[in-house]
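Novice: For my numbering, add 9 to where a residue sits in the sequence shown, where the first one is 1.
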Amino acid sequence: MKSFARLFLSVILCGLISFAVTPTEAAPSHQSTPPELSSGTYIAVAGGCNSNFTPCVEDQDGIPGSAILEAIANGASPIVIIGEYSIGDEPIDISVNTEIYGFENATLKYEGESNNAVFLVNQRFLMHDLGVYGNRLRSLAQINTDLPIYLHHNTIKYFFDVVVINNPDVDVKVEFNHISNNSGLVIKQNNSSAAGSLIVEGNNLINNSTPVQLVCNGTNSVDHNFWGDGQTPQTNSHDCDFDPTRILGAPAALSASGHGVAGALVEFDGSDYESSDRRLKLSSNSGEMAYIDHGANVIPTFNKAAPLIQTCSHSYYFFIPKDANAPVEIGAQIAYNETCQQTIEASPFCATSNQANYPLLWFDPALSDKVGWDFVGAGDVPVSCDLANNSISMTLSDDGEPNITDHLDGVPFLIGFPYISGETLPTVDISYVSHKVTLSWKTEGEDPEIDFLAERSKDPSGPWTDVGNLKGKGTPMKDADYQIIDSTGLEYETTYYYRISVLNQNNERVQILPAESIKTGPAPTSPPTLTPTHTPTKTLQPYPITYLYRTATSAYNWNINRFVTTPTKSFLTQTYEAKQTQTPSTKTGTVTPTPRFTKTKLSLSPTPTDTPTFTPIPTVAYFGEARQLISSSRYNRHTYWAIALGTLSTFCLAGLAIFLFRRRH
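(1) Look at the alpha carbon of Ile424 and the alpha carbon of Phe384, and state the distance between them as a whole number of angstroms.
(2) Closest to Asn106 by C-alpha separation, out of Ile509, Ile88, Phe668 and Tyr119, would be which residue?
(3) Looking at the strands, I want to know which residues DSSP matches up with Val275.
(4) Using 8 Å as the cut-off, can you tell me whether the region 134 to 151 makes contact with the region 159 to 176, which would need three or more C-beta pairs spanning the two stretches below that distance?
(5) For Phe8, is the classification buried or exposed, using 16 other Cβ atoms within 10 angstroms of its Cβ as the cut-off for buried?
(6) Which residue wins for smallest C-alpha separation from His444, given the options Ser470, Ser400, Ile652 and Gly498?
(7) Using only CA atoms, which one of Asn478, Val127, Ala273 and Ala203 lies nearest to Leu146?
(8) Once the 5 residues before and after Ser202 are set aside, which same chain residues still bring their CB inside 8 Å of it?
(9) Per the DSSP calculation, Lys445 is bridged to which residue(s)?
(10) Do Thr339 and Ile401 have their CB atoms nearer than 8 Å?
(11) If you drop the 5 nearest sequence neighbours on each side, which residues of the same chain put their C-beta closer than 6 Å to that of Ala397?
(12) Would you mind giving the Cβ-Cβ distance between Pro469 and Tyr506, rounded to the nearest angstrom? I have them listed as a contact below 8 Å.
(13) Could you check the C-alpha separation between Asn513 and Leu369 for me, to the nearest Å?
(14) Excluding the five sequence neighbours on either side, which residues of its own chain have a C-beta within less than 8 Å of the C-beta of Ile81, listed in chain order?
(15) Pair every Cβ in the region 211 to 219 with every Cβ in the region 178 to 196, then say whether three or more of these pairs are closer than 8 Å.
(16) Please work out which residues of its chain come closer than 7 Å, Cβ to Cβ, to Met403, disregarding the five sequence neighbours upstream and downstream, and give them in chain order.
(17) Jot down the residue ranges of each uninterrupted beta strand (DSSP E) in the region 326 to 391, minimum 3 residues, whole runs only, in chain order.
(18) Output the residue ranges of the alpha helix (DSSP H) runs that lie fully inside the region 218 to 291 and measure 4 residues or longer, sorted by chain position.
(19) Would DSSP call Cys321 helix, strand or coil?
(20) For Asn213, which beta-bridge partners are listed by DSSP?
(21) Could you check the C-alpha separation between Leu291 and Glu276 for me, to the nearest Å?
(22) Does DSSP put Pro621 in a helix, in a strand, or in coil?
(23) Taking the beta carbon of Phe660 as the centre, do at least 16 other beta carbons fall within 10 Å, making it buried, or is it exposed?
(24) Go ahead and label Asn3 buried or exposed: buried means 16 or more other beta carbons lie within 10 angstroms of its beta carbon, across all protein chains shown.
(25) Looking only at C-alpha atoms, which of Asn363, Glu525, Asn334 and Asn399 sits nearest to Cys349?
(26) Could you have a look at Phe668 and say whether DSSP puts it in helix, strand or coil?
(27) Please name the residue, chosen from Ile667, Ala360 and Gly381, that lies closest to Arg518 on a Cα-to-Cα basis.
(28) Do you know how far the Cα of Leu117 is from the Cα of His268?
(29) Going by alpha carbons, who is nearest to Phe168 out of Gln492, Ala150, Asn213 and Tyr501?
(30) DSSP puts Arg518 in a beta bridge; with which residues?
(31) Leaving out five residues on either side along the sequence, give the residues of the same chain with a beta carbon under 6 Å from the beta carbon of Ser6.
(32) Just mark Ala635 as buried or exposed, buried being the case when its beta carbon has 16 or more other beta carbons within 10 Å.
(33) Could you name the residues that DSSP lists as bridge partners for Glu79?
(34) Please report the Cβ distance between Val130 and Ile158, rounded to the nearest whole angstrom; I am assuming they are in contact, meaning their Cβ atoms lie under 8 Å.
(35) Can you tell me where the alpha helix (DSSP H) holding Ile413 begins and where it ends?
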């Protein structure tokens, strides 16, 4: 088998969505109208019968289970259960060949305290498409007959033992059931060397009794089951026959009706088989095969590390049941999800003629320790892409790998892509500013040998134009950030689609991220403005003067902006001194003066006369902080001495003048 690593380095992130479907299978639980019964009886609780269900028997006198007891006693078969039907404490004796079906999610339910078995099976018995719920004390069925017993597509919970086999010659088939949370055994064979056969295939067997869930004894097969996370048939069965590689690598999905698991035994007659959800088609001229549907976004791991695969379809498990006639050739068509469509239909996948690259994958559980998942088309098996129906088809035969004889003893298939080097696929952020589109993305580990290609288109389906190419710079253990700016040839008011592709070392496209769209803005209506730059400027900042004045008491105040008249009419005037200060750079380029206070010089106006005056000592402010240079009390003492000396001088001068005047005369 060829390794994925030789073909691909990374994969597209594909979300998984469900298709809108219309059920097509003929089982009663999948029909919107009651099945047509040639002879049979509907069973309902009191008040449950109506004209749509004929003949119909209801419980009488409020006794749970009385209707089904009456129908079986009268030999009615098949019996179709309607709705949620409660059974009583009394065991139901299957004394005639009986088939019991469920109609539209019907259930059998017991809520009492009895520990009797629900069914005492003494004739051929089949139970199909029912939800059956017990009280953890009762067994579901005790098998006392040697006639065949079939349990198909049921959900069975909360019993003690599920099936207790008392007759060593009976053949029992337990297939496509979801059996969980029972306190006892799923199968209890009470005979040490049973001659009959026991086949338990295609079931979910989860969280039942420990340490084992099945006690088989004799001829049996318990392959193709899911035993629970990390569980195997080796540890969960006693005296059972199994192949350890023939197990389900993941739980089977529940069926559309909610009872049993999604899957079926298909008997081919030349016509096509289609699953109820229309995601799977099978065809062959004859023979039998079975399949299990694991559901969407599920990768069977077979109790090993999860493979690095992104799924684009449901996962299916194909097998040939025990004792079945294998077909000579099988055609299979698997639908992929719409969100993967763009990648699947592009290169290097379905857009090429190389079927080895078509992303239909398979896995061989028998070789799980040596090889992993591989492309079906790489093993010389015919594979084709049906783009019109969003599906990929293959034809299985005894040629190539996988083939029917060597591999259909249990093989899973899915549509998907491989991861390499543990890469986490990125998402792309897209933005539009100034008529430029910026694409940004981040990887969380990547293969070192990759490139990224950015493309744009006006249509999500193309054609695409290259807008940038970047060399990968990450490693499997290192993050990396990327950005591409597209500004060439963009039109205004136009929606563009952008996608990022991963290229390998041969420049081949191996991954395409989903396209992202963005709309450009309108054309500008005026010329573009200049971009502001950082330019240092100087700002002239004037500093106001602090006014000083004399009061009648010869006391001086500071930092008060008003004039005071003195006897000499002298006063102080306000002047400004320009001071240059460095201001931080701005983006506007506009100089705005900001007034601030600083020191300045004082002048007297008008010019003083010979009359003695007093010149006040100024108060100086430093950036808003003022201080008085001399105290008021000290200044007052100086003033008193000046007045006294002035008065004395005046008297002396006056006396001298009088003396001189008299002397002349």
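Idealized CB from N, CA, C, for every residue including glycine.
Specialist: From the atom records:
(1) 9 Å
(2) When only C-alpha atoms are compared, the closest one is Ile88.
(3) Met298
(4) yes
(5) This structure leaves residue 8 out entirely; the chain is present only between 10 and 674.
(6) Gly498
(7) Val127
(8) Pro177, Asn226 and Gly227
(9) Val442
(10) It should be pointed out that residue 339 corresponds to Ile in this sequence rather than to Thr. No, they are not a contact pair.
(11) none
(12) With 8 Å as the limit, Pro469 and Tyr506 qualify as a contact, their Cβ atoms being about 5 Å apart.
(13) 21 Å
(14) Ile88, Ile101, Asp102, Ile103, Ser104, Val105 and Thr107
(15) Contact between the region 211 to 219 and the region 178 to 196 is present: 3 or more CB-CB pairs across the two stretches fall below 8 Å.
(16) Ala341, Leu369, Val385, Val390, Pro391 and Val392
(17) Taken in chain order, the unbroken stretches of beta strand (DSSP E) that lie wholly in the region 326 to 391 and span 3 residues or more are 339 to 344 and 369 to 371.
(18) 242 to 245
(19) coil
(20) His187 and Phe235
(21) 10 Å
(22) Residue confidence for Pro621 is low, a pLDDT of 48 falling below 50, so the modelled location carries little weight; the figure read from the coordinates is stated next. In the structure shown, Pro621 sits in coil (DSSP, three-state: anything other than H, G, I, E or B).
(23) exposed
(24) As displayed, the chain neither begins before 10 nor continues past 674, which places residue 3 out of reach and without an answer.
(25) Asn399
(26) Looking at Phe668 - three-state DSSP - the assignment turns out to be helix.
(27) Ala360
(28) 12 Å
(29) Ala150
(30) Leu512
(31) Any question about residue 6 goes unanswered here, given that the chain covers just 10 to 674.
(32) Low confidence applies here, because Ala635 scores a pLDDT of 36, under 50, leaving its location unreliable; read the following figure in that light. Exposed: under 16 other Cβ atoms inside 10 Å.
(33) Answer is none; Glu79 lacks a bridge partner.
(34) Contact between Val130 and Ile158 holds: their C-beta atoms lie close to 6 Å from each other, under 8 Å.
(35) Its alpha helix (DSSP H) spans residues Ile413 to His416.
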